[in-house]
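Below is one structure; the comments refer to it alone.
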Amino acid sequence: MIIIKFIVLLLMIFAGSITSAESEPRNIENRKDGLSVNFLYLYRLNSNISDRSRFNLQSMESGIDWNRRINERLTAGFGLNYEYSSYSFSGRMKGLIEDPWGDIHSVKLSVSFIIEPADGFKVFVSPYSGISAETGAELSESLEYGAITWTSYRFSPSLTLGLGAGIFSKPEKISIFPVMIINWRITDRLRIANSQQTGPAGPAGIELSYKFNRFTLGTGAGYQSKRFRLDEDGPVNGGIGEDRALPVWLRISSKTSKAEFNLYSGLMLAGRLTLEDREGREILSENYDSSPFFAINLSLRL
Numbered sequence: 007m008i009i010i011k012f013i014v015l016l017l018m019i020f021a022g023s024i025t026s027a028e029s030e031p032r033n034i035e036n037r038k039d040g041l042s043v044n045f046l047y048l049y050r051l052n053s054n055i056s057d058r059s060r061f062n063l064q065s066m067e068s069g070i071d072w073n074r075r076i077n078e079r080l081t082a083g084f085g086l087n088y089e090y091s092s093y094s095f096s097g098r099m100k101g102l103i104e105d106p107w108g109d110i111h112s113v114k115l116s117v118s119f120i121i122e123p124a125d126g127f128k129v130f131v132s133p134y135s136g137i138s139a140e141t142g143a144e145l146s147e148s149l150e151y152g153a154i155t156w157t158s159y160r161f162s163p164s165l166t167l168g169l170g171a172g173i174f175s176k177p178e179k180i181s182i183f184p185v186m187i188i189n190w191r192i193t194d195r196l197r198i199a200n201s202q203q204t205g206p207a208g209p210a211g212i213e214l215s216y217k218f219n220r221f222t223l224g225t226g227a228g229y230q231s232k233r234f235r236l237d238e239d240g241p242v243n244g245g246i247g248e249d250r251a252l253p254v255w256l257r258i259s260s261k262t263s264k265a266e267f268n269l270y271s272g273l274m275l276a277g278r279l280t281l282e283d284r285e286g287r288e289i290l291s292e293n294y295d296s297s298p299f300f301a302i303n304l305s306l307r308l
């Protein structure tokens, strides 16, 4: 019932603000002045972990972003994001552990700066900090922080490319990964660009989209990783859980000057669940079968 009310609320908000407009992927290197809010609901159907166990996932995410152009060379931003993920397990992982985790809460605070040292060049720097933990976890052991930085160059009005890196410190693990920036308008209707900030993979994905009169169709792929501290009174007291997958999706969206509404349908591929003890030593790790998912995203500019 809560989920139905949430979806109806999003539809009502969007329906009240529709006018004719064109839609395109919101590339992470293009940040407009002002305040925006984002909502995402995602439901992942049952994934078989083994003959003995399976799980499904429902998650809701909301975020606030503010950006301001300070001068012709500098843009500053601020972001606050909250995600609630509810896992439901049946059976025992490897026949050993039942219900390894349940409700996960993630809060992240970030600042960002875009510097334009010369015409066509952009340098982006964004440190962040936050908490990712199951209900009942020790918050002091659930801290995570990191930063993303990249440099892009606008080769022409229709092509921007860039490279960078992200480094993240999560419970008992440090990760470094490359970042690719792309915004290529192949034709007036066809584009390849980084995926939505709030979507199945966040900005860690690439999407090909085609724009119609009022709608946009897109298909993309990305990488998703959730790592979090576990309940002090759970099956692995104060341990660590991790869920990794490669989402691929189809998207249909409509956009106005103030709102954008996206519907997603896709698959989570190459999924893997890992359970570790408090110090980050692996207890067990299992692949899970590909599973379909559906998502709804609403973005509003205030």
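Read in our numbering, the sequence shown has 32 at position 26, and its numbers run on one by one without any break. Ideal Cβ placement from N, Cα and C applies to all residues, glycine included. Keep in mind it's a predicted model, so treat the numbers as computed, not measured.
Extent of the continuous beta strand (DSSP E) run through residue i
| i | result |
| --- | --- |
| Thr262 | It is not in any beta strand (DSSP E) - Thr262 carries neither H nor E in the DSSP assignment. |
| Tyr159 | 149 to 162 |
| Val242 | No beta strand (DSSP E) contains Val242, which DSSP labels as neither H nor E. |
| Asn87 | 80 to 96 |
| Trp72 | 60 to 77 |
| Thr193 | Here Thr193 belongs to no beta strand (DSSP E), and DSSP marks it neither H nor E. |
| Phe119 | 109 to 121 |
| Asn219 | From DSSP, Asn219 is part of no beta strand (DSSP E); its letter is neither H nor E. |
| Glu288 | 288 to 294 |
7 angstroms CB neighbourhood of residue i in its chain, flanking five on each side removed
| i | result |
| --- | --- |
| Arg307 | Gly40, Ser42, Lys264 |
| Ser59 | Phe95, Ser96, Gly97, Arg98, Met99 |
| Phe84 | Trp72, Val117 |
| Ser175 | Glu150, Tyr151, Gly152 |
Cutoff 8 angstroms; reference residue i; Cβ partners in own chain excluding five residues on either side
| i | result |
| --- | --- |
| Phe218 | Arg195 |
| Asp239 | Gly142 |
| Gly22 | With a pLDDT of 37 at Gly22, under the threshold of 50, the modelled position of this residue cannot be trusted, and the question is left open. |
| Pro206 | Leu48, Gly228, Gln230, Pro253, Trp255, Tyr270, Gly272, Phe299, Ala301 |
| Leu241 | It should be pointed out that residue 241 corresponds to Pro in this sequence rather than to Leu. Here the set comprises Ile103, Glu104, Asp105, Pro106. |
| Leu15 | Reliability of the predicted coordinates at Leu15 is poor, the pLDDT of 40 falling under 50, and no value is obtained from them. |
Buried or exposed by the 16-neighbour rule on C-beta atoms within 10 Å, applied to residue i
| i | result |
| --- | --- |
| Gly247 | buried |
| Glu150 | buried |
| Ala210 | buried |
| Asn33 | Summary for Asn33: the model assigns pLDDT 46, below 50, so the residue's position carries little reliability, and this model does not support an answer. |
| Ser116 | buried |
| Pro31 | For Pro31, the predicted structure reports a pLDDT of 36, less than 50, and the residue's modelled location is therefore unreliable. A value from the coordinates is still provided. Under this definition Pro31 is a buried residue. |
| Gly286 | exposed |
| Gly101 | exposed |
| Asn293 | exposed |
| Thr193 | exposed |
| Asn303 | buried |
| Ile154 | buried |
| Lys179 | exposed |
| Leu145 | exposed |
| Pro106 | buried |
| Ser148 | buried |
| Ser158 | buried |
| Asn44 | buried |
| Ala251 | buried |
Pick from the options that is closest to residue i, judged by C-alpha positions
| i | options | result |
| --- | --- | --- |
| Met186 | Asp109, Glu178, Gly168, Ile180 | Gly168 |
| Asn54 | Phe95, Leu80, Ile137, Ser65 | Phe95 |
| Gly108 | Asn243, Glu288, Asp237, Leu51 | Asp237 |
| Ser135 | Leu281, Asn87, Arg160, Phe161 | Asn87 |
| Phe284 | Phe234, Ser296, Glu292, Ser291 | Per the sequence presented here, residue 284 reads as Arg, with Phe not at that position. Ranking the options by Cα distance to Arg284, first place goes to Phe234. |
| Arg160 | Ile173, Ile180, Gly152, Asp125 | Asp125 |
| Gly277 | Phe61, Asn44, Lys38, Gln202 | Phe61 |
| Ile121 | Trp156, Ile182, Pro241 | Trp156 |
| Arg75 | Ile289, Ile212, Lys38 | Lys38 |
| Asp71 | Arg79, Lys114, Asn77, Ser56 | Lys114 |
| Glu6 | Pro177, Glu213, Ser158, Thr262 | Examination of residue 6 is not possible in this model, given that the chain is present from 7 through 308 alone. |
| Arg79 | Ile212, Phe127, Gly69 | Phe127 |
Identified DSSP bridge partners for residue i
| i | result |
| --- | --- |
| Gly247 | Phe234, Leu281 |
| Gly142 | Per DSSP, none; premise fails for Gly142. |
| Ala171 | Thr155, Pro184 |
| Arg50 | Leu63, Phe299 |
| Lys128 | Ser158 |
| Ala227 | Ile212, Val254 |
| Ser56 | For Ser56, which the question treats as bridged, DSSP gives no partner whatsoever. |
| Glu104 | Arg98 |
| Leu41 | Trp72 |
| Gly136 | Lys114, Glu150 |
| Ser305 | Asn44, Glu266 |
| Ser271 | Leu256, Phe300 |
Residues near residue i in its chain [Cβ-Cβ closer than 6 angstroms; skip 5 each side]
| i | result |
| --- | --- |
| Arg257 | Gly224, Asn268, Tyr270 |
| Trp190 | Leu165, Ile198 |
| Met66 | Tyr47, Tyr90 |
| Phe119 | Ala82, Val131 |
| Asp295 | Ser53, Asn54 |
| Ser297 | Arg50, Leu51, Ser53, Met274 |
| Ser291 | Thr280 |
| Ile182 | Ile173 |
| Ser92 | Gln64, Asp109 |
| Glu104 | Arg98 |
| Ser112 | Glu89, Ser138 |
| Ser215 | Pro31, Arg197, Thr222, Gly224 |
| Lys232 | Asp249 |
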